[in-house]
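Student: Numbering (our numbering), first residue to last: 714 to 1259.
Note that CB positions come from ideal geometry on N, CA and C, so glycine has one too.
Here the structure is a predicted model, which is why all the values come from computation and not from measurement.
Structure in structure tokens, see below.
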């Protein structure tokens, strides 16, 4: 009897089972579905809350906020965002005092990325709920911010809750975090494909096969639920713009230069606004609860003159796509939106930059299209074509996500024709932004908190593993250190520890607390630190390639 074929079949089946165990985890898939459902209903509640507040305050839904604000008496158009700022300031102050949030700010995508690098980061369920309420009030009262940040943060809070409840590993917790982000984007923008790529590209920075399926499952579930409750609608109605010729593609690609300049302008202004806000609090002793009130006053003043700059700005974006604005008005609206969005982000009056990027891109793209039509006349497409390209190029460069942003814009508009030119433009704009600003908005926020994720997994490991995680503890009765003994703090990073031991040419160092530099907690050796680092690198490599 020939056993060779039987053995080969058995070996093949055994290897297939091992690969299946590596690539599929039924528990994670089920929890991905649960996370998708929870996130979607949370986002739907968030959207409906914004709509209810907007209609109550302005008499129109969020998509028609500008029209509603224009119909109000000037005093009321001014008071609404001011009142929103007062409520937001109080809620943030009360939440921080009660321990619900760790810092006086609205949370968003940056916190979710931080949770990926250092699970669970600063995300809590209570913090996610209060953040959702605060941002709904801010957006409903006219804050010039977006809803993608609060939506992704709320999804992240649900994923952390599920991960803790079922005791998931750090790797599986990161997968659920990606599922939540994908579901949030899908539900908020009716964009299932872009939701998946946003989670992979922006939140996880990981395209491993093993995480793709659960994230796609969560995104599809979110889309089905959101479409059932909210309808299958594109956010913008795209008018006919004529066929796109090769010249249109070339001009559309060159629009990336303008989009890059607009993105850099916004990011530099936002960075300056953030610094000015911190300086006002630390040097001028400005009470933090007054920051959202200041933003509300600014929004009220702008809203009386240019209500198009309030809220998401979807109505103004639609008008720009339709070609209903002059070149001068487009320029004024672009500058006004930069000012209002920077003001709101700096003063904690909401969070989220994607909607602002869409607005800025539509204005700059439409203005570019008008100028090109003056030069080339009937030989090119209408300004609508270039406005769509600008939407993706500016927003993609700001958030540092060219792939997912291209798909989000496509799914928002439902238009294929401009995709090739959009990919070129968003690539150029993103490269220019990285050259002259150095990073995306989300990573800039993380850099301000001491995290530099630009060096990839190896850099993240050195920044997120702490000395206390590697040291060998000593008994409480250990003698205190002498004053001249080199030491490390338990809160320092693994990268700091390795650098310090290398600098001092030491094989081991004592570890103390940050408060008492003489209190010995343990010791850390260079061999133990390197072994921990190597193991983390291997685990990270496996996670990113399976």
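Whose C-alpha, out of 776, 741, 902, is nearest the C-alpha of residue 887?
Tutor: Here residue 887 refers to the residue found at position 174 of the chain shown. Ranking 776, 741, 902 by Cα distance to residue 887 puts 741 first.
Student: Would you tell me roughly how many angstroms separate the C-alpha atoms of residue 848 and residue 801, rounded to the nearest one?
Tutor: Here residue 848 corresponds to residue number 135 of the chain shown, with the count starting at 1. Here residue 801 corresponds to residue number 88 of the chain shown, with the count starting at 1. If you take the alpha carbons of residue 848 and residue 801, they lie about 8 Å apart.
Student: Quick check: the stretch 811-823 against the stretch 1141-1148, are at least 3 beta-carbon pairs closer than 8 Å?
Tutor: no
Student: What residue from 1195, 1235, 1175, 918 has the CA that sits closest to residue 1206's CA?
Tutor: Here residue 1206 is taken as the residue at index 493 of the chain shown, counted from 1. With distances taken between Cα atoms, residue 1206 lies closest to 1175.
Student: What residue range is occupied by the uninterrupted beta strand (DSSP E) comprising residue 1223?
Tutor: Taking the first residue of the chain shown as 1, we reach residue 1223 at position 510. 1221-1225 is the extent of the beta strand (DSSP E) around residue 1223.
Student: What three-state label does DSSP hand residue 1121 in the structure shown?
Tutor: In the chain shown, the residue the question calls residue 1121 occupies position 408. Per DSSP, reduced to three states, the secondary structure at residue 1121 is helical.
Student: Taking the beta carbon of residue 714 as the centre, do at least 16 other beta carbons fall within 10 Å, making it buried, or is it exposed?
Tutor: Counted from its first residue, the chain shown places residue 714 at position 1. Reliability fails at residue 714, whose pLDDT of 46 lies under 50, so the model's placement of it is uncertain and the value that follows must be treated cautiously. Flag for residue 714 reads exposed.
Student: Quick one: give me the first and last residue of the beta strand (DSSP E) that residue 1235 is part of.
Tutor: In the chain shown, the residue the question calls residue 1235 occupies position 522. Note, residue 1235: beta strand (DSSP E), 1233-1238.
Student: For residue 1043, I'd like the list of residues in its chain whose CB is within less than 7 Å of its CB, leaving aside the five on either flank, ordered along the chain.
Tutor: Here residue 1043 refers to the residue found at position 330 when the chain shown is read from its first residue. Cβ neighbours of residue 1043 beyond the five flanking positions: 1033, 1076, 1079, 1080.
Student: So the candidates are 719, 823, 953; which of them puts its Cα closest to the Cα of residue 1156?
Tutor: Position 443 of the chain shown, counted from the start, is the residue given in the question as residue 1156. Out of 719, 823, 953, 823 has the C-alpha closest to the C-alpha of residue 1156.
Student: On the CB-based measure, 16 or more other CB atoms within 10 Å of its CB, does residue 771 come out buried or exposed?
Tutor: Counted from its first residue, the chain shown places residue 771 at position 58. It is buried - the Cβ of residue 771 has at least 16 other Cβ atoms within 10 Å.
Student: What residue from 1191, 1228, 1249 has the CA that sits closest to residue 1236's CA?
Tutor: As a position in the chain shown, residue 1236 is number 523, starting the count at 1. For the residues 1191, 1228, 1249, the minimum Cα distance to residue 1236 belongs to 1191.
Student: Pull the bridge partners of residue 1186 from the DSSP assignment, please.
Tutor: Start at 1 with the first residue of the chain shown, and residue 1186 comes out as number 473. According to DSSP, residue 1186 bridges with 1235.
Student: Could you work out which residue in 805, 1159, 752, 778 is closest to residue 987 when comparing CA atoms only?
Tutor: For the purposes of this step, residue 987 is taken as residue 274 along the chain shown, with counting starting at 1. Checked all of 805, 1159, 752, 778; the closest Cα to residue 987 is 1159.
Student: Can you check the stretch 925-1003 for any beta strand (DSSP E) of at least 3 residues that lies completely inside it and give the ranges in chain order?
Tutor: none
Student: Please state whether the Cβ-Cβ distance between residue 1108 and residue 1067 is less than 8 Å.
Tutor: Here residue 1108 refers to the residue found at position 395 when the chain shown is read from its first residue. Here residue 1067 refers to the residue found at position 354 when the chain shown is read from its first residue. The Cβ-Cβ distance between residue 1108 and residue 1067 falls below 8 Å.
Student: Quick check on DSSP: helix, strand or coil for residue 1053?
Tutor: The count along the chain shown starts at 1 and reaches residue 1053 at position 340. DSSP places residue 1053 in helix when its eight states are reduced to three.
Student: Take the Cβ of residue 1154 as the centre, count every other Cβ of all protein chains shown within 10 Å, and call the residue buried at 16 or more, exposed below.
Tutor: Your numbering for residue 1154 matches position 441 in the chain shown. When all chains shown are included, residue 1154 counts as buried.
Student: Using the Cβ count rule (16 or more neighbours within 10 Å means buried), how would you classify residue 1087?
Tutor: Taking the first residue of the chain shown as 1, we reach residue 1087 at position 374. Flag for residue 1087 reads exposed.
Student: Does the Cβ of residue 922 have 16 or more other Cβ atoms within 10 Å, making it buried, or fewer, making it exposed?
Tutor: Sequence index remark: in the chain shown, residue 922 carries index 209 (1-based). Residue 922 is exposed by the Cβ-count criterion.
Student: Contact check, residue 797 vs residue 850 under 8 Å by CB: the rounded distance?
Tutor: Working through the chain shown from its first residue, we reach residue 797 at position 84. Working through the chain shown from its first residue, we reach residue 850 at position 137. Right, the Cβ-Cβ distance comes to about 6 Å (below 8 Å), so this counts as a contact.
Student: Under a CB-based cut-off of 8 Å, is residue 772 close to chain C?
Tutor: Here there is only one protein chain, and chain C is not present.
Student: What are the partner residues of residue 1201, as DSSP defines its beta bridges?
Tutor: Against the chain shown, residue 1201 aligns to sequence position 488. 1224.
Student: So for residue 1179, helix, strand or coil by DSSP?
Tutor: The sequence position of residue 1179 within the chain shown is 466, counting from 1. Residue state, collapsed to three classes: strand.
Student: Please report how far the alpha carbon of residue 1340 lies from the alpha carbon of residue 917, in whole angstroms.
Tutor: Shown here, the chain extends from 714 to 1259; a query on residue 1340 therefore has no answer.
Student: Could you have a look at residue 688 and say whether DSSP puts it in helix, strand or coil?
Tutor: Missing from the structure shown is residue 688; the chain here goes from 714 to 1259 and no further.
Student: Can at least three beta-carbon pairs, one atom from the stretch 985-1005 and one from the stretch 824-844, be found at a separation below 8 Å?
Tutor: no
Student: Quick one, are the C-beta atoms of residue 894 and residue 911 less than 8 Å apart?
Tutor: As a working mapping, residue 894 is identified with position 181 in the chain shown. As a working mapping, residue 911 is identified with position 198 in the chain shown. Yes; because the gap between Cβ atoms is below 8 Å, this pair is in contact.
Student: Between which two residues does the alpha helix (DSSP H) containing residue 819 stretch?
Tutor: On the chain shown, residue 819 is found 106 positions in, with the first residue counted as 1. Careful: residue 819 lies outside any alpha helix (DSSP H) and carries neither H nor E.
Student: According to DSSP, is residue 740 helix, strand or coil?
Tutor: Along the chain shown, one-based indexing puts residue 740 at 27. Reduced to three states, the DSSP call for residue 740 is helix.
Student: Nearest by alpha-carbon distance to residue 1024: which of 874, 788, 1051 is it?
Tutor: Here residue 1024 corresponds to residue number 311 of the chain shown, with the count starting at 1. Cα-wise, what sits closest to residue 1024 is 1051.
Student: Looking only at C-alpha atoms, which of 1105, 897, 819 sits nearest to residue 1265?
Tutor: Nothing in the structure corresponds to residue 1265, since the chain is present only between 714 and 1259.
Student: My assumption, with CB atoms under 8 Å, is that residue 983 sits in contact with residue 1055. Please give the rounded CB distance.
Tutor: On the chain shown, position 270 is the one that residue 983 refers to. On the chain shown, position 342 is the one that residue 1055 refers to. At roughly 5 Å, the Cβ-Cβ gap stays under 8 Å, so residue 983 and residue 1055 are in contact.
Student: Less than 8 Å between the beta carbons of residue 902 and residue 845, yes or no?
Tutor: Residue numbering aside, residue 902 sits at position 189 when the chain shown is read from its first letter. Residue numbering aside, residue 845 sits at position 132 when the chain shown is read from its first letter. Contact: no.
Student: Run through DSSP, which three-state label would residue 1039 get?
Tutor: Working through the chain shown from its first residue, we reach residue 1039 at position 326. In this structure, residue 1039 counts as coil in the three-state DSSP scheme.
Student: From this set, 1183, 1225, 1221, 1162, which residue's C-alpha is nearest residue 1189's C-alpha?
Tutor: Working through the chain shown from its first residue, we reach residue 1189 at position 476. The shortest C-alpha separation from residue 1189 is found at 1225.
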